[in-house]
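*Asks:* Sharing a structure, written as structure tokens. Questions coming.
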């Protein structure tokens, strides 16, 4: 790809792991493929490539991986919150790979939130639709604008979809054929009991469905979200106090596994 991901807007401390240490970056920085990027708790950064953008909120770590010679990008998200705005016609494959869930672009704007402990992940679709893949159960489901997909960790957990409009069927990632028309049917077919964790997830979804359906751009994105009034800028250069510690050095242990990489079937 001729264009590269560039830090177009910054607020607060944003770092890239380079040369075996964290280095602070500033507006205009061009991201190297696969380099770890981390924001301080009160920071925010927007990386752009042409008309595409990745809005990274505070206390978030990602890596942007571009496949050389192909219109293919995978954003590996360890934790935190990002909002992606991508037009499907500009790419052959674009996905966000977080613990528990992978979101595959179908021409859309969406937000992915992942907890630091890997205990939960959610995808909120702002425009268009997103294919959300459960990388443990090997099922996928299309999530439409105004809907939210959420999954918690645990042997009884599945993807729960709520919000505006009809929920699409669950599809097998192996055969690419419909597997179930609802969460309850999926549990029955896979022999998964509705445990306490699943019940709590359903309760959270029920309470947030109306909010997601009518949510403004930044609604429903958790405590780490910044308001539009806090748009990133060059002002307010941060101190070294907000720099990630050695304990936060990126490692393969905290990295999403290859098992969560979107399959060929899901990339079209």
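Residue numbers (my numbering): 7 to 274. Ideal Cβ positions, reconstructed from N, Cα and C, are used throughout, including at glycine.
Just grab the DSSP bridge partners of residue 167 for me.
*Replies:* As a working note, residue 167 is residue 161 in the chain shown. Paired residue(s): 155.
*Asks:* Helix or strand or just coil, what does DSSP make of residue 67?
*Replies:* For the purposes of this step, residue 67 is taken as the residue at position 61 of the chain shown. In this structure, residue 67 counts as strand in the three-state DSSP scheme.
*Asks:* Please report the Cβ distance between residue 43 and residue 67, rounded to the nearest whole angstrom; I am assuming they are in contact, meaning their Cβ atoms lie under 8 Å.
*Replies:* Translated into positions along the chain shown, residue 43 becomes position 37. Translated into positions along the chain shown, residue 67 becomes position 61. Indeed they touch by this definition, with Cβ atoms about 7 Å apart.
*Asks:* At what residues does the beta strand (DSSP E) containing residue 135 begin and finish?
*Replies:* By one-based count along the chain shown, residue 135 stands at place 129. Residue range 126-140 is occupied by the beta strand (DSSP E) that includes residue 135.
*Asks:* Tell me where the beta strand (DSSP E) around residue 82 begins and ends.
*Replies:* Along the chain shown, read from residue 1 onward, the residue named residue 82 stands at position 76. Here the beta strand (DSSP E) through residue 82 covers 78-92.
*Asks:* CB residue 45 to CB residue 20, shorter than 8 Å?
*Replies:* For the purposes of this step, residue 45 is identified with residue 39 of the chain shown, where counting begins at 1. For the purposes of this step, residue 20 is identified with residue 14 of the chain shown, where counting begins at 1. At the C-beta level, residue 45 and residue 20 come within 8 Å of one another.
*Asks:* Can you grab the Cα-Cα spacing for the pair residue 108 / residue 160, in whole Å?
*Replies:* Walking along the chain shown from the start, residue 108 turns up at place 102. Walking along the chain shown from the start, residue 160 turns up at place 154. For residue 108 and residue 160, the distance between alpha carbons rounds to 17 Å.
*Asks:* Smallest Cα separation from residue 91: which of 62, 106, 34?
*Replies:* Reading the chain shown from its first residue, position 85 is the one you call residue 91. Among 62, 106, 34, the Cα nearest to that of residue 91 is on 62.
*Asks:* Does DSSP put residue 15 in a helix, in a strand, or in coil?
*Replies:* Looking up residue 15 in the chain shown gives position 9. The DSSP-derived three-state label of residue 15 is strand.
*Asks:* Under 8 Å Cβ to Cβ from residue 37, same chain only, skipping five residues before and after it: list those, please.
*Replies:* For the purposes of this step, residue 37 is identified with residue 31 of the chain shown, where counting begins at 1. Closer than 8 Å at Cβ, skipping near neighbours: 10, 11, 12, 13, 22, 43, 53, 70.
*Asks:* Note down the Cα distance separating residue 180 from residue 49, rounded to an integer number of angstroms.
*Replies:* By one-based count along the chain shown, residue 180 stands at place 174. By one-based count along the chain shown, residue 49 stands at place 43. Distance between the alpha carbons of residue 180 and residue 49: 40 Å.
*Asks:* When you compare each of 138, 47, 24, 29 to residue 39 by their alpha carbons, which one comes out closest?
*Replies:* On the chain shown, position 33 is the one that residue 39 refers to. For the residues 138, 47, 24, 29, the minimum Cα distance to residue 39 belongs to 24.
*Asks:* Taking residue 139 and residue 156 to be in contact with their CB atoms under 8 Å, please state how far apart those CB atoms are, rounded to whole angstroms.
*Replies:* Here residue 139 refers to the residue found at position 133 of the chain shown. Here residue 156 refers to the residue found at position 150 of the chain shown. The Cβ separation is near 14 Å, so there is no contact.
*Asks:* Are residue 112 and residue 133 close, meaning C-beta to C-beta below 8 Å?
*Replies:* Locating residue 112 in the chain shown gives position 106, where the first residue counts as 1. Locating residue 133 in the chain shown gives position 127, where the first residue counts as 1. The beta carbons of residue 112 and residue 133 sit no closer together than 8 Å.
*Asks:* Could you check where the alpha helix (DSSP H) with residue 190 kicks off and where it finishes?
*Replies:* The residue you call residue 190 lines up with position 184 of the chain shown. Per DSSP, residue 190 belongs to the alpha helix (DSSP H) from 189-196.
*Asks:* Excluding the 5 residues preceding and the 5 following residue 89 in the sequence, name in chain order all residues of the same chain whose CB lies nearer than 6 Å to its CB.
*Replies:* Sequence index remark: in the chain shown, residue 89 carries index 83 (1-based). Hits under 6 Å: 61, 117.
*Asks:* What residue range is occupied by the uninterrupted beta strand (DSSP E) comprising residue 184?
*Replies:* To locate residue 184, count along the chain shown from 1; it is residue 178. Counting along the chain, the beta strand (DSSP E) containing residue 184 begins and ends at 184-186.
*Asks:* Is it buried or exposed for residue 26, if we count other Cβ within 10 angstroms and need 16 for buried?
*Replies:* Position 20 of the chain shown holds residue 26. The residue is exposed, with fewer than 16 neighbouring Cβ atoms inside 10 Å.
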